[in-house]
Amino acid sequence: MAASGAAENFFLDRSREDWIEHAREKLELIGKITSVGPIKAENRLRGAFALIGERGKVDVKFTLTPEHDPKVQEIELTPAKQ
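Here it is in structure tokens:
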């Protein structure tokens, strides 16, 4: 994720480099991404979608900032149980 798409507080708990490593670890489990599932909105600022890969799926939950041009405030990557 580009830093410009991230909220100011996004990298407070985990650095950009740690996020890259974290995402790499989760995505390596599923192999090459073959498709992206539809966004399921929880409300105007929260939602989820799936990244489907050759060997599995990672569920992505996100929260956006309440601004005119929303930024990513939080992301959760969870390998789906098969």
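Here numbering that gives the first Met the number 0 is used: the first residue of the sequence shown is 0, the next is one more, and so on.
We put the beta carbon where it would ideally sit given N, CA and C, even for glycine.
The structure presented is a predicted model; accordingly, all values stated were derived computationally and were not measured.
Beta-carbon proximity check, residue i vs residue j, cutoff 7 Å
i: I32; j: G4; result: no
i: K70; j: A6; result: yes
i: I29; j: R45; result: no
Residue i classed as buried or exposed, judged by whether at least 16 other C-beta atoms fall within 10 angstroms
i: V59; result: buried
i: I87; result: No answer is possible for residue 87: the residues shown for the chain start at 0 and end at 81.
i: L11; result: exposed
i: K56; result: buried
Residues near residue i by beta carbon distance below 8 Å, same chain, minus five either side
i: A47; result: I38, K39, E41, D58, V59, K60 and F61
i: V35; result: F48, A49, L50 and I51
Own chain partners of residue i with C-beta closer than 6 Å, once the 5 adjacent residues on each side are dropped
i: T77; result: D58
Endpoints, the alpha helix (DSSP H) within which residue i is located
i: A47; result: A47 -> not in any alpha helix (DSSP H); beta strand (DSSP E) instead, spanning R45 to G52.
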